[in-house]
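Heads up: the sequence lines are chains X and H, in that order.
Per this note's numbering, the first sequence starts with residue 1, numbered consecutively.
Per this note's numbering, the second sequence starts with residue 273, numbered consecutively.
Take a look at the structure set out below.
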Amino acid sequence: MMFFKRYPPLFVFSVGVLVFLTLASFLPTPWDYNHQDLMTRFVPPLFFGGNIQHPLGTDHLGRDMVSRIMAGIRISYFIALAGTLVGAFIGVVLGFAAARFQGIIDEIIMIFVDIQASMPFILIAIALLSVVDNSFWVIVILLGFAGWEKYARLTRGLTLSAVNHGYARAVAALGGSQKRIFFSHILPNISSVLIVNMTLNFPGTMIAESSLSFLGLGIKPPMVSLGRLLGEGQVYLLTAWWVTVLPGLIIFLSTLAMTIIGDWVSDRMGTE
Amino acid sequence: MASPVTMVRRLFAFIDTRSYFFVKLIRAIITAFLILVISFLMIRSSGNPAQIYLGEEAMPEAVEYFNKKWGLDKPISIQFVSYFSRAIKGDFGHSLIKSRPVYQIIMDRLPATLSLMIPAAIISIVFGVFLGMTASAHRKKMTDTGILVASTLGFSLPNFFFGVLLIFFFSIVLGWLPASGNNTISHYIMPLIAIVTADLAIFTRFSRAAFIDIYEQHYITGFRSLGVRESRIFFFQALPNAANALLTIGGFYIGSLVSGAIVTETIFAWPGLGSLLISSVKARDFPLVQGLILLFGISIVVANLAIDFLYGILDPRIRKGATT
Chain X
1 MMFFKRYPPL FVFSVGVLVF LTLASFLPTP WDYNHQDLMT RFVPPLFFGG NIQHPLGTDH
61 LGRDMVSRIM AGIRISYFIA LAGTLVGAFI GVVLGFAAAR FQGIIDEIIM IFVDIQASMP
121 FILIAIALLS VVDNSFWVIV ILLGFAGWEK YARLTRGLTL SAVNHGYARA VAALGGSQKR
181 IFFSHILPNI SSVLIVNMTL NFPGTMIAES SLSFLGLGIK PPMVSLGRLL GEGQVYLLTA
241 WWVTVLPGLI IFLSTLAMTI IGDWVSDRMG TE
Chain H
273 MASPVTMVRR LFAFIDTRSY FFVKLIRAII TAFLILVISF LMIRSSGNPA QIYLGEEAMP
333 EAVEYFNKKW GLDKPISIQF VSYFSRAIKG DFGHSLIKSR PVYQIIMDRL PATLSLMIPA
393 AIISIVFGVF LGMTASAHRK KMTDTGILVA STLGFSLPNF FFGVLLIFFF SIVLGWLPAS
453 GNNTISHYIM PLIAIVTADL AIFTRFSRAA FIDIYEQHYI TGFRSLGVRE SRIFFFQALP
513 NAANALLTIG GFYIGSLVSG AIVTETIFAW PGLGSLLISS VKARDFPLVQ GLILLFGISI
573 VVANLAIDFL YGILDPRIRK GATT
């Protein structure tokens, strides 16, 4: 019982869902996710008149939905994670640079932070993707740009307050280099805030990727992401609801679990 | 007659360059300018305009004539200046596919988008504030928990998936509502629900936190101890303060409204600007994409500036405080 007092059941369940989906997506499958079989098009899921060979049915090209969803989870989770890390990295570097150099550099970086904060991610993504090819890493970096400004703002503010009052000054007075002050003193001190922001940002990054792929601007075929599956299947909603609804449910479950975890982490870190 | 330099100096002596409004105005101008530069570079980096317009196998004479006609043989800085002056007048060139001026296409589609966005914004704000208020008044009771759970669900439910679910249940299974187009009032129901859900959740969460924060302030306790009526405290203290707090997410909300329009219009085949943007990106109709990005971008900048000004007018602490 102590365990559930410390970690509420909803939180444990959310972590369980994410761990289960991640691990399950790496299991071997009888079909390749791009294996087509036009003889078995639109097979419904197991309990809706389907068979055990395709427990979640097949799509318009007879591709196995279980295998496709698993591949989609792998790619969607990876992109969301990588995008979050890229965003955190860019934000921390620029935020620290703004606090460290101040003056005109600070002004310029903060103007870009303001612009990024006011422009919706989809608009920036569309502007870029209309001229740049939507390759895998372009999407990852683009998602990094979806949230960097929050990290930049946090890092700048926290670094400024560290530099102005207290420990960073003491270390500098003792002859510590700038590098040492940042990596050994400021970064560990602000890391908890950054981690909270990362968990809060994660579901947003996942939704951003899914909406891009849903609109047909994200991951390119033959690669699949959950958003891409949902977008492709929408056309067949009338004949085969499972092709769209199942990947959508996985996206919803994932973002919900991530939101619950994010809320819990920020509550906990906030109270301590 | 004073020299131009002294005139500029006098002007800047007259305007307080560190004032809140001036800083915000300058930033908005810089942002608008950057959007113009990016949209200009966007179309330039998309390839040779002559080839895009005339096709890959155009005659060299035709390409030369085209370049001369549109000033493409001039240096890039001059091209930017002429692009800039045309864009300010609303001249964004011709669509490659519809062979009509971009400005006209946008104006044709604008009413459909506005007729969806304005009701969506009003519903989200009014109901969001009301729900947030109700939750904060019944804090830690069933009502509060229910509203919080619902808002977490609404927040995590991606609008594109929710839209698809709505179509599945109400158009396909039940056959009650039309799935695409905007001809009748019943066409508005599902797109509105899809857009409002996520925004409503955000406004509910935010105003709940704002009201809880306000009612914990000492001056509210002070008013109560003086015997001021609760309704008076609500209308003259809590509500204005909450409205002020809500303005801080106003800028964010404008952006979310635009991306909501892009996604929702695409799902429901709504003939507005959002679906136009997606279809023109897919068709590689660069002038149209450029015009739409400019329109969306500049509208967001102007709306943000208006919100910042309003914020400064309503809250003297912001106006007189730090400039950043």
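Built from N, CA and C at the ideal position, the CB exists for glycine as well.
Cut-off 7 Å between Cβ atoms - residues of its own chain near residue i, not counting five sequence neighbours on either side
i	result
residue 252(X)	none
residue 379(H)	none
residue 268(X)	none
residue 543(H)	381, 384, 454
residue 370(H)	377
residue 226(X)	72, 73, 76, 210, 247, 250, 251
residue 553(H)	561
residue 260(X)	10, 11, 14
Test: residue i CB closer than 8 Å to a CB of chain X
i	result
residue 299(H)	yes
residue 387(H)	no
residue 430(H)	yes
residue 303(H)	yes
residue 314(H)	yes
residue 306(H)	yes
residue 591(H)	no
residue 531(H)	yes
residue 573(H)	yes
residue 594(H)	Low per-residue confidence applies at residue 594(H): pLDDT is 49, beneath 50, and the placement is therefore not dependable, though the value from the model is reported in the following sentence. For residue 594(H), the answer is no, since every Cβ of chain X falls outside 8 Å of its Cβ.
residue 528(H)	yes
residue 553(H)	yes
Residue closest to residue i, alpha-carbon to alpha-carbon, out of the options
i	options	result
residue 44(X)	265(X), 160(X), 268(X), 236(X)	236(X)
residue 311(H)	362(H), 563(H), 532(H)	563(H)
residue 195(X)	155(X), 239(X), 183(X)	155(X)
residue 160(X)	115(X), 198(X), 234(X), 92(X)	92(X)
residue 38(X)	50(X), 30(X), 58(X)	58(X)
residue 300(H)	585(H), 584(H), 577(H), 586(H)	577(H)
residue 514(H)	402(H), 351(H), 344(H), 305(H)	402(H)
residue 123(X)	569(H), 584(H), 339(H), 583(H)	569(H)
residue 462(H)	433(H), 338(H), 414(H)	433(H)
residue 97(X)	219(X), 55(X), 198(X), 178(X)	178(X)
residue 450(H)	428(H), 334(H), 540(H), 407(H)	540(H)
residue 215(X)	262(X), 245(X), 229(X)	229(X)
Residue-chain proximity (residue i, chain H), Cβ-Cβ < 8 Å
i	result
residue 137(X)	no
residue 98(X)	no
residue 248(X)	yes
residue 119(X)	yes
residue 73(X)	no
residue 13(X)	no
residue 114(X)	yes
residue 130(X)	yes
residue 8(X)	no
residue 173(X)	no
residue 219(X)	no
residue 251(X)	yes
residue 271(X)	With a pLDDT of 46 at residue 271(X), under the threshold of 50, the modelled position of this residue cannot be trusted, and the question is left open.
residue 160(X)	no
residue 44(X)	no
residue 145(X)	no
Close beta carbons around residue i, own chain, < 6 Å, minus the five adjacent residues each side
i	result
residue 405(H)	483
residue 83(X)	140, 143, 144, 205
residue 162(X)	168, 186
residue 61(X)	36
residue 271(X)	For residue 271(X), the pLDDT reaches just 46, beneath the cut-off of 50, and the residue's location in the model is therefore unreliable, leaving the point undetermined.
residue 190(X)	158
CB contact flag (residue i, residue j, <8 Å)
i	j	result
residue 224(X)	residue 75(X)	yes
residue 486(H)	residue 496(H)	no
residue 152(X)	residue 95(X)	yes
residue 531(H)	residue 120(X)	yes
residue 33(X)	residue 71(X)	yes
residue 396(H)	residue 511(H)	no
residue 537(H)	residue 527(H)	no
residue 137(X)	residue 90(X)	no
residue 573(H)	residue 184(X)	no
Strand pairing of residue i, partner residues [DSSP]
i	result
residue 373(H)	366(H)
residue 64(X)	58(X)
Contacts around residue i, its chain only, beta-carbon distance under 8 Å, and the 5 residues preceding and following it disregarded
i	result
residue 464(H)	388, 391, 392, 395
residue 366(H)	372, 373, 374, 559
residue 240(X)	42, 44, 57, 59, 60, 233
residue 478(H)	400, 404, 517, 518, 521
Distance cut-off 7 Å: residue i Cβ against heavy atoms of the ligand SAM
i	result
residue 454(H)	Ligands displayed in this structure: none; no statement on the ligand SAM is therefore possible.
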